[in-house]
Structures are given as C-alpha cells and as structure tokens.
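**Q**
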Amino acid sequence: MRGLRVIVIGVVVLLLAAPVPASAREEPVLRALSFNVHAGIGTDGVLDLERTAAVIRDSGADVVGLQEVDVHWSDRSGYADQATELGRLTGRHVFFAPIYDLDPEPGHTERRRYGVAILSRHPIVAAVNHPLTRLSTVEPDPVAEPMPGFAEAVVSVRGRPVHVYATHLDHRPDPAVRATQVRETVDLLDGDPPGARQVLLGDLNAEPGAPELAPLFASARDAWASAGAGAGHTFPAHAPDSRIDYVTFAGPLAARAVSVPATEASDHRPVLAELTPRRPGR
Numbered sequence: 001m002r003g004l005r006v007i008v009i010g011v012v013v014l015l016l017a018a019p020v021p022a023s024a025r026e027e028p029v030l031r032a033l034s035f036n037v038h039a040g041i042g043t044d045g046v047l048d049l050e051r052t053a054a055v056i057r058d059s060g061a062d063v064v065g066l067q068e069v070d071v072h073w074s075d076r077s078g079y080a081d082q083a084t085e086l087g088r089l090t091g092r093h094v095f096f097a098p099i100y101d102l103d104p105e106p107g108h109t110e111r112r113r114y115g116v117a118i119l120s121r122h123p124i125v126a127a128v129n130h131p132l133t134r135l136s137t138v139e140p141d142p143v144a145e146p147m148p149g150f151a152e153a154v155v156s157v158r159g160r161p162v163h164v165y166a167t168h169l170d171h172r173p174d175p176a177v178r179a180t181q182v183r184e185t186v187d188l189l190d191g192d193p194p195g196a197r198q199v200l201l202g203d204l205n206a207e208p209g210a211p212e213l214a215p216l217f218a219s220a221r222d223a224w225a226s227a228g229a230g231a232g233h234t235f236p237a238h239a240p241d242s243r244i245d246y247v248t249f250a251g252p253l254a255a256r257a258v259s260v261p262a263t264e265a266s267d268h269r270p271v272l273a274e275l276t277p278r279r280p281g282r
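By UniProt numbering, the letter at position 18 of the sequence shown is numbered 18, and the numbering carries on one by one without gaps.
#1: Residue range of the beta strand (DSSP E) that residue 277 falls in?
#2: With which residues is residue 79 paired in a DSSP beta bridge?
#3: Classify residue 304: buried if its beta carbon has 16 or more other beta carbons within 10 angstroms, exposed otherwise.
#4: Among 42, 61, 109 and 150, which has the Cα closest to the Cα of residue 81?
#5: Specify, as a first and last residue, the run of the alpha helix (DSSP H) that residue 145 falls within.
#6: In its own chain, which residues sit with a C-beta less than 6 Å from the C-beta of residue 51, not counting the 5 before and 5 after it?
#7: So residue 179 is in the alpha helix (DSSP H); what residue range does that whole segment cover?
#8: Report the residue ranges of all beta strand (DSSP E) runs contained in full by the stretch 23-109; include only those spanning at least 3 residues, in chain order.
#9: Are the beta-carbon atoms belonging to residue 253 and residue 261 less than 8 Å from one another?
#10: Rounding to the nearest angstrom, what Cα-Cα distance links residue 181 and residue 133 in this structure?
#11: Who does residue 121 pair with in a DSSP beta bridge?
#12: Under a three-way DSSP split, which group does residue 283 fall into?
#13: Does the contact criterion of 3 or more C-beta pairs under 8 Å hold for the stretch 121-135 versus the stretch 206-217?
#14: DSSP on residue 265, reduced to helix/strand/coil?
#15: Out of curiosity, what's the CA-to-CA distance linking residue 223 and residue 198?
#16: Is residue 142 helix, strand or coil when you go by DSSP?
#17: Would you check if there are 3 or more beta carbon pairs closer than 8 Å linking the stretch 31-42 to the stretch 241-256?
#18: Are there three or more Cβ pairs, one per stretch, closer than 8 Å when the stretch 56-76 is compared with the stretch 186-203?
#19: Please report the Cβ distance between residue 97 and residue 151, rounded to the nearest whole angstrom; I am assuming they are in contact, meaning their Cβ atoms lie under 8 Å.
Structure below.
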C-alpha cells in the first residue's frame, strides 16, 4: 500500500452477528465516531478507561478513530496498553498507530508509545501507519519532519472494503505545519482506488472555516456540514465553544445523521455520524 509495509491483522475478537431486518439490508448504516480520549483522563482529572470505553459502547459506533492514546507511555495512564484495553472493553478489533516510540523509562521494560488508534466492529483486513510532517512535542527545538501516526485500516463491511483513517493534526496557532499535513492527507486519500469508500476521523485542531482545511473539504465531505444542526462544538468538553473534531467521508457515502454526545470522559467531546451508501443522483 503505497510502498509502506501493510500489516495484515488477524481476528482478535469474535463478534456474534444478529439477524438484520430487511430495511437495514436496503439501507445499511455505518456509524463512525471520532474521539480524542485524552489518555482516558476526564475533565475531573481522573484516569478512568472504563468510562472512556462506555462512551464508545454507548455510541454504537462501528468504526472509531481515537486520538491521544497511551501504550505503556507513562504514569499518567498507569503504563497501560490503552489501545489493546479499549479494544477489549468495547469488543472491537484494534489497530494502533504510534506517533512516538521511545525507550522504556527506568524500571520498566515496555517501549513507550503514544498515538492514534482505530477500533472496528467489522474485521480489519489490512492496516498501515502513514507518516505526516510533524513538529515533535517531546523533543527540544523540533524541526518539521516526516513522522508516523496517521492510521489507515481497511475494514470489511458486509464484504466491501472501507478505508478508515484516524488522524491528529498539529495544535499550534501557526497553521503552517497543519497546512502541510492536510496536503499530505489529501495526497494519501487520492491514492486509494477510484470510488473507494473513505472515512477520515480526526482531531484537526482547526475550525471548519480555517483556510488550511480547505483542500481536505474539497476532497471529502464534513459530516456535520452535511447533516448536523447547530454549532457542533466539541472542545473543551465541559463548555464547548470550538468545533475541531470531525467525521469526514468520501466516495459513495452520505451522512444521514450526526451528533456530539455530551460527556466529560475526556477534554474533548466525540463526534458520531451515521453514514449510508449514496445512491446515484444523491
């Protein structure tokens, strides 16, 4: 997949398939959730990964893009493997894409990793951790350079592939790095087969009208702009006044509904969209 090593993911969770009503077969729904989980730490400052998992379970999401996921990272998250644990707690397949992969801290043996993850109710048949240009947040005097942490998982939904992406763009007020990341993202999306179903889930750290996001919205549709009502603010969770978290999609898909579930399990609120196949002429 574009010269990068493709990771074939084995089945790690057995899911029971319930009978599907005729109406659902006619118009299947893919529920997609983007959620910056803040390493499982809520607005109360308490680490509670079960609370994080409950938000995901309660959403009914089929595919989930997570940001700020710790894997043996530090004491703040108890050195836990949060990606694997969230997969277990939600009953979903998981692919973790680290941005940072550092040596263990003294007294520990596991490498310290931090990044994004994709959870899926449907089988993950392939996945890759793409690089984007980044400014490190753990190195002094960083320079912009390619770093991993842009996750892509190909999931099999009723036998059809859907390319699911999870991303976390640069947070700095200067949009220069973010603009570069958007251009690279669009290039990667354009590399998928023509007509591919694509779902991009992310904390983009910019409002919808930010100029640096314009190339993305020229290639993909913003679920909130397509089907949302109201402001759709996601940050900060306790009193949101900014919309910086997104479900976007491209290919033969349409947004049927979108919402921002109220929760203080993180410093962000998640975004949940219901996507359906787009019929000709829609």
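Think of the CB as a built atom: it goes at the ideal place given N, C-alpha and C, for glycine as much as any other residue.
No experiment lies behind these values; they were computed from the predicted model shown.
**A** Let me lay it out:
#1: To locate residue 277, count along the sequence shown from 1; it is residue 277. Residue 277 -> beta strand (DSSP E) spans 271-277.
#2: Within the sequence shown, numbered from 1, the residue matching residue 79 stands at position 79. Looking at the DSSP assignment, residue 79 forms no beta bridge with any residue, so it has no partner.
#3: Since the first residue of the chain shown is 1 and the last is 282, residue 304 is not available in this structure.
#4: Counting from one through the sequence shown, the residue named residue 81 turns up at place 81. Considering only alpha carbons, the answer is 109.
#5: For the purposes of this step, residue 145 is taken as residue 145 along the sequence shown, with counting starting at 1. Not the alpha helix (DSSP H): residue 145 falls in the beta strand (DSSP E), residues 145-157.
#6: Indexing the sequence shown from 1 puts residue 51 at position 51. So the list reads 265, once near-sequence residues are dropped.
#7: The sequence position of residue 179 within the sequence shown is 179, counting from 1. Residues 176-190.
#8: 30-36, 63-71 and 93-102
#9: Sequence index remark: in the sequence shown, residue 253 carries index 253 (1-based). Sequence index remark: in the sequence shown, residue 261 carries index 261 (1-based). Taking 8 Å as the Cβ cut-off, residue 253 and residue 261 do not qualify as a contacting pair.
#10: The residue given as residue 181 occupies position 181 in the sequence shown. The residue given as residue 133 occupies position 133 in the sequence shown. Using only the alpha carbons, I get a separation of about 6 Å.
#11: Taking the first residue of the sequence shown as position 1, residue 121 is located at position 121. Per DSSP, none; premise fails for residue 121.
#12: Nothing can be reported for residue 283, as the shown portion of the chain is limited to 1 through 282.
#13: no
#14: Here the question's residue 265 lines up with position 265 in the sequence shown. Of the three classes helix, strand and coil, the one that applies to residue 265 here is coil, per DSSP.
#15: Taking the sequence shown and counting its residues from 1, one reaches residue 223 at position 223. Taking the sequence shown and counting its residues from 1, one reaches residue 198 at position 198. So the two alpha carbons sit approximately 12 Å from each other.
#16: As a first step, residue 142 must be located in the sequence shown, where it is residue number 142. Three-state result, residue 142: coil.
#17: yes
#18: yes
#19: As a working note, residue 97 is residue 97 in the sequence shown. As a working note, residue 151 is residue 151 in the sequence shown. Indeed they touch by this definition, with Cβ atoms about 4 Å apart.
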